[in-house]
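**Student:** Below is the structure I would like to discuss, written out as structure tokens.
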Amino acid sequence: MTLADGGRITLNAAVVDIKADVTARGGSLTVDNYFKGGGDRGAAQLLLKSGGVDHFA
Numbered sequence: 014m015t016l017a018d019g020g021r022i023t024l025n026a027a028v029v030d031i032k033a034d035v036t037a038r039g040g041s042l043t044v045d046n047y048f049k050g051g052g053d054r055g056a057a058q059l060l061l062k063s064g065g066v067d068h069f070a
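When we follow our numbering, the leftmost residue of the sequence shown carries the number 14, and every step to the right adds one.
Structure below.
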């Protein structure tokens, strides 16, 4: 996968399996199991492999 120059991808899941080459020239690729909704969309959540969710204040 090749992103446009300056492109950005953010993947949030308990398990992410990337089976491809990724090129992000001047951009970024973020893979994490921590999710925080923007603004007033809720508390931060830690996504667990078991399918559960831990909530943070």
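C-beta: ideal position from N, C-alpha, C; glycine also.
1) Could you give the residue range of the beta strand (DSSP E) that holds Asn46?
2) State the Cα-Cα distance for the pair Leu60 and Leu24, rounded to the nearest angstrom.
3) Leaving out the 5 sequence neighbours to the left and right, which residues in its chain are closer than 8 Å to Asp34 when beta-carbon positions are compared?
4) Just grab the DSSP bridge partners of Arg21 for me.
5) Look up Val66 in the DSSP assignment and give the residues it is bridged to.
**Tutor:** On the basis of the coordinates in this document:
1) No beta strand (DSSP E) contains Asn46, which DSSP labels as neither H nor E.
2) 12 Å
3) Met14
4) Ser41
5) Leu60
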